[in-house]
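**Q** Below are the structure tokens for one structure; questions will follow.
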Amino acid sequence: MTDAAIQEFWELVSEDFRPFSMNVTTDEAVFNSYPKTMRMRCIITPTNTAAPGAGGVAYLTSFNWNDDTPCWVFMTSPKAGGEAASHEVGHTLGLSHDGRLNPKEEYYDARSSAGNWAPIMGAGYYKPVTHWSRGEYASASQTQDDLAIMASATYNVGYRNDDHSGSISGATNLARNGNSLSGSGIIERTGDQDYFAFSTSGGTVNLNLNTVGRHGNLDIVGRLFTSSGTQIGTFDTQGSLSTTLSANLSAGSYYLQIDGTSYGNPVTEGYSDYGSLGTFNITGTAPAPASGGVATVYKDCNYTGTAVALPAGDYTLAALQSRGILNDDISSLTVNSGYQVVLYENDNFSGTALTLTAGNGCLVNNPLGTSNWNDKATSLRVQPAASQSFSVTLQAEAASVNNGMTAETTTDAGGGQNMGYVDAGDYLVWNGINFPTSGSYLIEYRVASGASGGTISSDLNAGTTQFGNTAIPATGGWQAWTTVSRTVDVTAGTYNFGIYAQTGGWNLNWVRITKVGSAAVAQAPETTAASSARLSLYPNPVTDWVRLEAGPELEGSAYQVLDSYGQVKAQGVVGGGALDMSALRAGVYRLVIETKDQKKLTRQLIKQ
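All residue numbers for the sequence shown refer to the numbering used here, where the first residue is 14 and numbers rise by one.
The structure is reproduced here in structure tokens:
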């Protein structure tokens, strides 16, 4: 097989398993890093000795066997072989064939259907769209719930964690660079909906809502909402998995919902939204809000009249007048997602107050519902909205500024691209990153190094605030990924966030910034008085189970898992087995082992 064919083959299979907490890889070292009971090798070869005459073969429910029994595929073309690979791995996860009762068929290939769909556990070679199925087509011989079976606790796979909120209140800001907007995500489960927020100064908004470029599963429908939550548009291109949004919008804040949808009649030629899952990307343009602020106040209703942009801050009457805003002269306003405006009836933040976390087209109508705030505000505050949690993932290839790095395809979980060929002095910048509240934030770097490792640092606003250096270890390959991190203190605000190569020799897939709560995470050193003891943790970050392997000097030592407040969340004795993290909330934890000579060894664990 050519490299291009291998790449396409991998893309098809990885997208089929995108909803699950599973790493689809062609890297032997990555495969071997997982326990035998949590991995499956699928051998692609034209030699069909294992099952002469078959397209592939697998042992049913063998995914969690402890002997590395593989499955086989005997087709090497990307479409046919990729479909067969997903099919055979499906068998190892407990799935049976999708056929028909009438006419009698072992494999339903849908060639008799006018549609473009077939089930993965049938024969998906002849249709461009294939899904996991629950037998919704006519005369189905198998109605098992493919998704539920594969995601069950039996195989320690499970679904991916939801990457974006399913409600307007937790919407993720689309990244903005001038008038350009971008975002991405995964629809992991049937019924999952991901919300995004953006603001505009008014005019034509054009967004492309795309799934992967080839062999996609997600049929996208986009829905547009006003700042008050009223739906004003549905965007679904029939006959295409991707769609476009085009609308002429007034100035204000809006929300975009991404959802998986159905096509046609599932009984005959179409499919339901059951298996409409996978990757999406959002790109496009929207006129940028008035520059210089996170909120804009208007003299008249419907975002008209004199407009003044306000950065976060406190504004007495004198401060407002210095910006051209008269007393009792605000009739409408917009506010960026993640911020709120508090209006006060009197000067110096006194009297009756009204808090707005979204734009309002006319303050005659307001969230209090009992009084008219049109032309009533004398002083106001613009501040980060109250929030209990915050996390944003910055994809390396989506940086606003790239100096010296090169994008390349990654085999890391989630696919897409990473930035590589990094030399000392190279850097990336993401503009307009909002830190909603002051306090401690965990900065995680997803890195790989086929050389001897290196050093990465991060900063705000071109080095005005610097967060220090973080060491990158040698990972054994340019696509052998690990996560390194540090905790920093940040003052609430919107910044241009940058990373800088202090030394080269590494790749970067993404950076994740997470608020870690009011209590700062204790940054235990990776090397302690017991540093001579051998201790390995993988995978880390962890979704469910983390393997804990230690040298003989640590066998029988007591361990504890502590949260960021120092509370014990799990404890036990080191024995070389797996540690169940599934019951823990997402966050940063410390694994503390007390050795037999009463020294302590500490490692950081990240629960996704």
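Every residue gets a Cβ at the ideal spot worked out from N, C-alpha and C, and that includes glycine. Predicted model only: the values in this text are computed from it and were never measured.
1. Closer than 7 Å by C-beta to Phe336: which residues in its own chain qualify, once you throw out the five before and the five after it? Chain order, please.
2. Three or more C-beta pairs under 8 Å: does that hold for the region 125 to 140 against the region 91 to 103?
3. Does Ile245 pass the burial test, meaning 16 or more other C-beta atoms within 10 Å, or should it be called exposed?
4. For Asp557, does the count of other Cβ atoms within 10 angstroms reach 16, so buried, or fall short, so exposed?
5. Looking at Gly518 and Val435, is the spacing between their C-beta atoms short of 8 Å?
6. How many Å lie between Leu4 and Cys84 at the Cα?
7. Distance, Cα to Cα, Phe209 vs Asp232?
8. Can you check which of these residues, Asp341, Ala17, Thr203, is closest to Asp158 by C-alpha distance?
9. Would a check of beta-carbon distances place Thr89 closer than 8 Å to chain B?
10. Using the three-state DSSP reduction, which class does Asn129 fall into: helix, strand or coil?
11. Rank Gly364, Ser126, Met432 by C-alpha distance to the C-alpha of Tyr458 and give the top, closest one.
12. Per DSSP, what kind of secondary structure is Glu149 in: helix, strand or coil?
13. Could you check whether the region 30 to 43 touches the region 56 to 69, counting it as contact only if at least three pairs of C-beta atoms, one from each stretch, sit closer than 8 Å?
14. Ser180 to Leu106, Cα distance in whole Å?
15. By how many angstroms is the C-alpha of Ala97 removed from the C-alpha of His110?
16. Quick test of the definition: if touching needs 3 or more C-beta pairs under 8 Å, does the region 402 to 420 touch the region 306 to 317?
17. Thinking Leu407 and Trp386 are a contact (beta carbons under 8 Å), I'd like their distance in whole angstroms, please.
18. Can you tell me which residues form a DSSP beta bridge with Asn447?
19. Could you round the C-beta distance between Thr319 and Ser266 to whole angstroms and report it? I think they count as a contact, below 8 Å.
20. Distance check for Thr500 and Ala533, CA to CA, integer angstroms please.
21. To the nearest angstrom, report how far apart Thr217 and Trp78 are at their CA atoms.
22. If Pro628 sits next to Thr213, beta carbons under 8 Å apart, how far is it from one beta carbon to the other, in whole angstroms?
23. If we require 4 or more residues per run, which alpha helix (DSSP H) segments fall completely within the region 239 to 318?
24. Alpha carbon to alpha carbon, how far is Thr257 from Ser344? Give it in angstroms, no decimals.
25. Assuming Thr292 contacts Glu28 under a Cβ cut-off of 8 Å, what Cβ separation, rounded to an integer in Å, is found between them?
26. When burial is assigned at 16 or more other CB atoms within 10 Å of the CB, is Leu618 buried or exposed?
**A** Checking against the coordinates, here is how it stands:
1. Here the question's residue 336 lines up with position 323 in the sequence shown. Note that residue 336 is Arg in the sequence shown here, rather than Phe. Here the set comprises Val321.
2. The region 125 to 140 is in contact with the region 91 to 103.
3. Your numbering for residue 245 matches position 232 in the sequence shown. By the 10 Å Cβ count, Ile245 comes out exposed.
4. Start at 1 with the first residue of the sequence shown, and residue 557 comes out as number 544. It counts as buried.
5. Translated into positions along the sequence shown, residue 435 becomes position 422. Translated into positions along the sequence shown, residue 518 becomes position 505. Going by C-beta atoms, Val435 is nearer than 8 Å to Gly518.
6. Because the chain is modelled from 14 through 621, residue 4 falls outside the range shown and cannot be assessed.
7. Along the sequence shown, read from residue 1 onward, the residue named residue 209 stands at position 196. Along the sequence shown, read from residue 1 onward, the residue named residue 232 stands at position 219. Going by the C-alpha atoms only, they are around 18 Å apart.
8. Residue numbering aside, residue 158 sits at position 145 when the sequence shown is read from its first letter. Closest option to Asp158, Cα to Cα, is Thr203.
9. Included in the structure is just one protein chain, with no chain B present.
10. Position 116 of the sequence shown, counted from the first residue, corresponds to residue 129. Asn129 falls in the coil class under three-state DSSP.
11. Stepping through the sequence shown from its first residue, residue 458 is reached at position 445. Nearest C-alpha to Tyr458: Met432.
12. Counting from 1 along the sequence shown, the entry for residue 149 is found at position 136. Note: Glu149 maps to coil in three-state DSSP.
13. Touching, no, given that fewer than three Cβ pairs across the two stretches are closer than 8 Å.
14. For this step, residue 180 is matched to residue 167 along the sequence shown. For this step, residue 106 is matched to residue 93 along the sequence shown. Computed Cα separation, rounded: 32 Å.
15. Position 97 of the sequence shown, counted from the start, is the residue given in the question as residue 110. Position 84 of the sequence shown, counted from the start, is the residue given in the question as residue 97. Approximately 12 Å between the Cα atoms of the pair.
16. No, the region 402 to 420 does not touch the region 306 to 317.
17. Sequence index remark: in the sequence shown, residue 407 carries index 394 (1-based). Sequence index remark: in the sequence shown, residue 386 carries index 373 (1-based). Wrong, their Cβ atoms sit about 37 Å apart, outside the cutoff.
18. For the purposes of this step, residue 447 is taken as the residue at position 434 of the sequence shown. In the DSSP output, where bridge partners are listed per residue, Asn447 has Thr507.
19. In the sequence shown, residue 319 corresponds to position 306, counting from 1. In the sequence shown, residue 266 corresponds to position 253, counting from 1. With a Cβ gap of about 20 Å, Thr319 and Ser266 do not count as contacting.
20. What you label residue 533 is simply residue 520 of the sequence shown in a count that begins at 1. What you label residue 500 is simply residue 487 of the sequence shown in a count that begins at 1. With a pLDDT of 28 at Ala533, under the threshold of 50, the predicted position of this residue should be treated as unreliable, and no value is reported.
21. Within the sequence shown, residue 217 is the residue found at index 204, counting from 1. Within the sequence shown, residue 78 is the residue found at index 65, counting from 1. Computed Cα separation, rounded: 56 Å.
22. No statement about residue 628 is possible, as the shown extent of the chain runs from 14 to 621 and does not include it.
23. Runs of the alpha helix (DSSP H) inside the region 239 to 318: none found.
24. Residue 344 sits at position 331 when you count from the first residue of the sequence shown. Residue 257 sits at position 244 when you count from the first residue of the sequence shown. Using only the alpha carbons, I get a separation of about 33 Å.
25. Walking along the sequence shown from the start, residue 292 turns up at place 279. Walking along the sequence shown from the start, residue 28 turns up at place 15. Indeed, because the Cβ distance is near 7 Å, the residues count as touching under 8 Å.
26. If you number the sequence shown from 1, residue 618 lands on position 605. When all chains shown are included, Leu618 counts as buried.
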